[in-house]
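Written out below as structure tokens is the structure these notes cover.
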Amino acid sequence: MLVLVAGLVLFVAVHLLPTVVPLRGALIGRLGGGAYRGLFSLVALAGLVLIVWGFARAPFEPLYTPPGWGRSLALFAVPLSLVLLAAANMPTHIRTVLRHPMLIGVLLWAIAHLLSNGDLRSVVLFGAFAGYSVIDLISVVARGKRPSTEKPPRLAMDGVAIIAGLVVAGLFTYFHAALFGMPAI
């Protein structure tokens, strides 16, 4: 469990770093934009590797019995969350309306998994991602940060985001047992 928690701390900390604007600015000033992004990516990847490894090694310890409808809800909510993730970096109407679809998608994904898994390692993993999403959403709203508007939203890009999100959801559903040790359905 320690490896899982260490990975989560690393991953979440590096993703919350941009919320500390003076620190982020100082690091970019000192390292340069490219080196900052490279270091950010390397630390995030290290955290992700530790998360995957730690989750696989953590024992299954039941905490609660998820509601019977939790898995059914997840089968709807997770594809929606992946559509939101896809829409986050495209000029979509989804992004224009929701402003921060990636954070909303991660929060939806985490809540769906908390409602369909009641073991300790799942609660630690998905609870951390839910907490991160809420903190970052509060931060970006408080800072008035809005998505880039350099490219106007296009309906075709909404279609691309929807199709991409659903294709990825289908792949995750199909390979869920092989990737994560338990079937999605």
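First residue of the sequence shown? That's 1 in the working numbering, and the numbers climb one at a time after it.
All C-beta atoms in this analysis are idealised placements derived from N, C-alpha and C, irrespective of residue type, glycine included.
Predicted model only: the values in this text are computed from it and were never measured.
Around the C-beta of Ile111, 16 or more other C-beta atoms lie within 10 Å, and the residue is accordingly described as buried. Secondary-structure assignment with DSSP links Asp119 through a beta bridge to Pro62. When secondary structure is reduced to three states using DSSP, Arg143 falls in the coil class, being assigned neither helix nor strand. Here Arg154 is near Pro91, since their CB atoms are less than 8 Å apart. Taking C-beta atoms as the reference points, Ile185 and Leu75 count as a pair closer than 8 Å. A Cβ-Cβ distance of about 6 Å is found for the pair Asp136 and Thr19, placing them in contact under the 8 Å criterion. In the DSSP assignment, Ile28 falls within the alpha helix (DSSP H) that extends over 21-31.
Cβ atoms of Gly47 and Phe11 come within 8 Å of each other, at about 3 Å. One thing to note: Pro79 has its Cβ within 8 Å of the Cβ of Ala169. Gly131 carries a helical assignment under DSSP once its states are collapsed to helix, strand and coil. The three-state secondary structure of His113, taken from DSSP, is helix.
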